[in-house]
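Numbering (the numbering used here), first residue to last: 554 to 887. Ideal placement from N, C-alpha and C gives every residue a C-beta, glycine not left out. All figures in this text were calculated on a predicted structure; none of them were measured in a lab. Have a look at the structure below before the remarks.
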Ligand SMILES: [Mn+2]
């Protein structure tokens with residue numbers, strides 16, 4: 554998945570500068586944080602200075618343990634001797650409020666998002682990779698060799714979060730399990746990692762799930778479930794109790810359901826609505842999101858619109874309608 558030419562591109566880029574700002578997308582998840590932490594370690598081993606930056610907010614429970622490694626202040630560095638490495642994200646605007654401060658530096662992108670769009674010369678983008686951490690592991694191993702224990706734990710954590718603890722991987726994922734095996738042999742612990750990812754949830758987050766279940770709306774022959782988190786609910790529970798991962802799991806396992814659409818207000822900009830799609834294997838929701846200026850993966854995509862939740866819902870359903878029509882006679886459905 555990462556070839557010699559990729560490594561050459563990367564090492565050539567790194568050799569041109571001494572200081573690196575390493576940054577991932579706003580609202581970081583485990584893969585984003587872990588891939589940037591491992592990259593910082595790699596750059597240190599290559600004799601470079603690395604600064605870990607994230608716009609935050611650190612909302613997801615499992616990301617809190619990594620927050621201490623990051624600053625939201627972009628250091629002011631010598632522009633002739635410094636560059637930016639962006640991981641798990643390809644678009645500057647997805648970096649959040651640190652985007653402007655890093656825009657002037659030369660940049661290299663390492664990402665696995667389907668809609669990723671970046672210059673060939675300064676990027677390694679593999680939509681087939683289940684996690685950015687997997688790409689970083691391959692780069693790290695090609696440059697340094699065996700992964701040390703602390704970085705193995707970090708990379709394994711990121712791989713597990715983005716792959717749904719390997720549940721999203723298919724029959725072509727032998728090389729990913731081989732890579733995971735190397736991480737475990739270096740000291741990563743699957744049981745402990747699963748414990749960290751799946752435990753420590755606040756009781757209120759279970760009540761939030763109950764509230765969301767009561768708002769399920771079944772559309773398009775019950776193939777789509779739409780849920781809107783109204784403003785009063787968001788205020789009552791706060792973003793910390795918004796366990797969308799569990800919500801999607803619990804909805805996508807319902808017989809006949811092919812996709813889930815969850816719409817809420819942006820926590821910082823109430824005039825913006827944030828919509829997320831999740832889908833079962835054969836249904837491509839990134840195509841729906843892309844039609845409205847969003848993006849993501851085949852089975853997980855999203856978009857932001859400058860309008861109310863109600864307006865967003867009607868605009869998205871209007872576009873989604875065609876996709877569900879097209880899918881009506883899918884051979885995969887009995
Ligand atoms: Mn990722």
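Note to self: Run through the DSSP bridge pairs and tell me what residue 718 is partnered with.
What the structure shows: Paired residues: none, contrary to the question.
Next item on the list: Report the partner residues of residue 709 according to the DSSP bridge assignment.
Entry: BP columns for residue 709 are empty, so no partner.
Check: Fully enclosed by the segment 570-609, which alpha helix (DSSP H) runs are 4 residues long or longer?
Finding: 583-598
Next item on the list: Name the one or two DSSP bridge partners that residue 849 has.
Entry: Looking at the DSSP assignment, residue 849 forms a beta bridge with 854.
Next item on the list: Quickly, what does DSSP pair residue 779 with across the bridge? List them, please.
Entry: 770 and 814
Check: Does the beta carbon of residue 589 fall short of 7 Å from some heavy atom of ligand 1?
Finding: no
Margin query: Could you check whether residue 855 and residue 828 sit closer than 8 Å to each other, using their CB atoms as the reference points?
Written below: yes
Note to self: Could you tell me the alpha carbon to alpha carbon distance between residue 632 and residue 643, rounded to whole angstroms?
What the structure shows: Cα to Cα, the separation comes out at about 21 Å.
Check: Just how far apart, CA to CA, sit residue 773 and residue 725?
Finding: 32 Å
Notebook entry, point to check: residue 883 by DSSP, collapsed to three states: which one?
Noted result: Below a pLDDT of 50, predicted positions are generally treated as unreliable, and residue 883, at 49, falls in that range; no measurement from the model is reported.
Notebook entry, point to check: Which value, in whole angstroms, describes the spacing of the CA atoms of residue 677 and residue 720?
Noted result: Within the model, the alpha-carbon separation for residue 677 versus residue 720 is close to 25 Å.
Check: What residues sit near ligand 1, counting only those whose C-beta is closer than 7 Å to one of its heavy atoms, in chain order?
Finding: Those residues are 582, 584, 585, 641, 665, 684, 685 and 715, given in chain order.
Notebook entry, point to check: For residue 819, which of helix, strand or coil comes out of DSSP?
Noted result: coil
Checklist line | Secondary structure of residue 662, DSSP reduced to three states | finding: strand
Item checked: Distance CB(residue 685)-CB(residue 704) smaller than 8 Å -> no
Notebook entry, point to check: Hey, quick one: how far does the beta strand (DSSP E) through residue 829 stretch, first residue to last?
Noted result: 826-832
Checklist line | Reference residue 874, options 706, 771 and 621, closest by Cα | finding: 771
Check: What three-state label does DSSP hand residue 704 in the structure shown?
Finding: helix
Note to self: Taking the alpha-carbon of residue 580 as reference, which of 831, 833, 570 and 821 has the nearest alpha-carbon?
What the structure shows: 821
Check: If you drop the 5 nearest sequence neighbours on each side, which residues of the same chain put their C-beta closer than 6 Å to that of residue 594?
Finding: 704
Notebook entry, point to check: What's the gap between the Cα of residue 743 and the Cα of residue 675?
Noted result: 34 Å
Next item on the list: May I ask you to report which of helix, strand or coil DSSP gives residue 758?
Entry: helix
Check: Can you find at least 3 beta carbon pairs, one from the segment 813-820 and one from the segment 780-800, that sit closer than 8 Å?
Finding: yes
Margin query: If I measure Cβ to Cβ from residue 592 and keep anything under 7 Å in the same chain, skipping five residues before and after, which residues do I get?
Written below: 575, 638, 640 and 689
Note to self: Taking 8 Å as the threshold (C-beta atoms), are residue 850 and residue 839 in contact?
What the structure shows: yes
Note to self: Can you list, in chain order, the residues of its chain with a C-beta nearer than 6 Å to that of residue 623? Leave out the 5 residues immediately preceding and following it.
What the structure shows: The residues are 605 and 607.
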